[in-house]
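These notes concern the structure reproduced below.
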Amino acid sequence: MCAGSPNTGTLVWASDADLGVVAHPHCLEEAPLTNDSRDSDRTTDTTSTERAGGARPIQVGQHRLEGMSTDLFVQVPTTLIDPTRALIASEGVGAVYSVPWQSRTHRSAVARTAADQTRKKCPEAALLLDANLYSGRQRKVATAEPTRDWITVQRSAGLTWALTDSGYVAKGDTAGLRTTLKTAARFGGQVIAALPIASWWLSHAADSLRSEINAHGIPVALMVEDTDDPFDRTNVVTGLVHVLTADVPVLLLRSDTAGLGALAYGAAGAAMGSSTTYRHIYPDIGGGGTSGSVSFILPELLAYTSLTAFERHYLKDKSHAAWCCDCALCGGRDLTWIRTADIPKAAAFSHSVSAVAMLGRGLATAIAAHNGPQAWTAMCEAAHESNIEIEKLTGGDWKRKRALSAWIGATPEPAAA
């Protein structure tokens, strides 16, 4: 049963051509501009957003990139600057801004605008800029080299780290993989080689992928292609765990709750997508995903669902704890409030970011007490049991998240004392 009552605090809406946001009122106040000083000490890190009343930046894992205030990001299109910077301030996350395919011809300008406008409110925000050339019908392929111009755009915007504008690395395209890594390594320090890859690389060639990453010695950001959640596929989770043991920092972008698992296993950063479009790469379709649908996270299940499916399942047992959320925005309410919000898609976005931040903080606490893999396994085991309950409750209509079993099976046994 949901523990809390409806939160009666004022909600402030900021609309956007693509998506609005529900934000806490104090998060819309401008934070004071300060020098871009980043403290890498987890215990003493205090940013200007925290001093202005925002949330302390989250560090889930133990391998945050140098100069980054957090290792937990939300991945959003560059059309969502105002909603995103409000959530950066209120939830302590960073942002990965992806350039929509419609803006590719002027991607440098829209990327600079996203970085500049975000820094006006959150001067120490952890930001990455994703050119997103690897998606859609006319996507760039990996044999086309990343460009130095895109690195220059990010450096001129004052970003600590720059992502390459890489092409898509198809199944078996070792030549393209090497081209991407070799070119990225020539761009100097504080560069991350973006690796938008077919899920095959994790399910069937993880050892080769890790070897190539190690051979070129440059940090990488994985983004995985699949028609559905790639981590529900056989061996993709175990492949990711293997790649995360590389000698250089590895990030997982364009993901869902698998990003939390990646952080528990040593990823230097992870980004959860604001919508289905940005939770993985969709094959060979312009834009990807179902942009008109409303979807959000169910924290107890560690899974995302559409609003339509949620309402259908909710009617089976309105008091079930899986329908409730204790994040800062929901305050213990059941998630039916999203339907009655002024802009349901905005409400879903804000809730999901707040809920992922809540999960991230809980995981960080568990990691501090145990270790990353064991802490994540405990979360997955609890979520797996809840998934089974809901599957039975709905007569099989709810499909349990298969990746949870994979994460549980991937976790090594505790070392003997």
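Residue numbers (full-length UniProt numbering): 1 to 417. Where a beta carbon is used, it is the ideal one built from N, C-alpha and C, also for glycine. Given the structure is predicted, the values throughout are model-derived calculations rather than measurements.
Item                                                                                                      : Value
Through-space distance from Glu66 to Gly261, alpha-carbon basis                                           : 21 Å
Own chain residues within Cβ distance below 6 Å of Gly239, not counting five before or after              : Leu202, Ser203, Ala206
Whole-number beta carbon distance between Lys401 and Gln302, since they are thought to touch under 8 Å    : Correcting the residue type first, residue 302 is Leu in the shown sequence and not Gln. Right, their Cβ atoms sit about 6 Å apart.
Length at least 4, wholly inside the segment 202 to 270: the alpha helix (DSSP H) runs in chain order     : 206 to 216, 236 to 243, 258 to 264
Range of the contiguous beta strand (DSSP E) that encloses Ser306                                         : 303 to 306
Given Ala151 as reference, the closest of Thr143, Gly331, Arg112 once Cα atoms are compared               : Sequence check: residue 151 is Ile here, not Ala. Looking at the Cα atoms, Arg112 is the closest of the given residues.
Unbroken stretches of the alpha helix (DSSP H), 4 residues or longer, contained in the segment 69 to 105  : 81 to 91
For Ile388, three-class secondary structure by DSSP                                                       : helix
Local Cβ density within 10 Å of Thr183, reported as buried at 16 or more and exposed below that           : buried
Proximity to Arg85 [Cα-Cα], best of Met68, Gly61, Ala126                                                  : Ala126
Option nearest Gly158 by Cα separation, candidates Ala114, Ile338, Gly273                                 : Ala114
N-terminal and C-terminal residue of the beta strand (DSSP E) that Leu129 is part of                      : 127 to 130
Status (buried if at least 16 other CB within 10 Å, exposed otherwise) for Asp130                         : buried
Alpha carbon of Thr308 to alpha carbon of Asp256, nearest angstrom                                        : 19 Å
Ala170 versus Ser293: straight-line alpha-carbon distance, rounded                                        : 28 Å
Option in Thr336, Leu335, Ile343, Cys330 with minimal Cα separation from Met358                           : Cys330
Local conformation of Asp173 per DSSP, three classes                                                      : coil
Alpha carbon of Val353 to alpha carbon of Glu91, nearest angstrom                                         : 8 Å
Rounded C-alpha distance that separates Asp18 from Asp165                                                 : Its pLDDT being 42, under 50, Asp18 is placed unreliably by the model, and the measurement read from it follows with that caveat. Answer to the nearest angstrom: the Cα atoms are 24 Å apart.
Beta-ladder partner(s) of Cys324, from DSSP                                                               : Asp334
Pair within 8 Å by beta-carbon distance, Ser295 and Tyr282                                                : no
Met358 - partner residues in DSSP beta bridges                                                            : Its beta-bridge partners do not exist; DSSP assigns none.
Residues near Arg51 in its chain [Cβ-Cβ closer than 6 Å; skip 5 each side]                                : Unreliable placement is indicated for Arg51, whose pLDDT of 35 sits below 50; no coordinate value is reported for it.
Sufficient close CB pairs (3 or more, under 8 Å) joining the segment 362 to 379 to the segment 263 to 274 : yes
Residue 463: first and last residue of the uninterrupted beta strand (DSSP E) it sits in                  : This structure gives no information on residue 463, because the portion of the chain shown stretches from 1 to 417.
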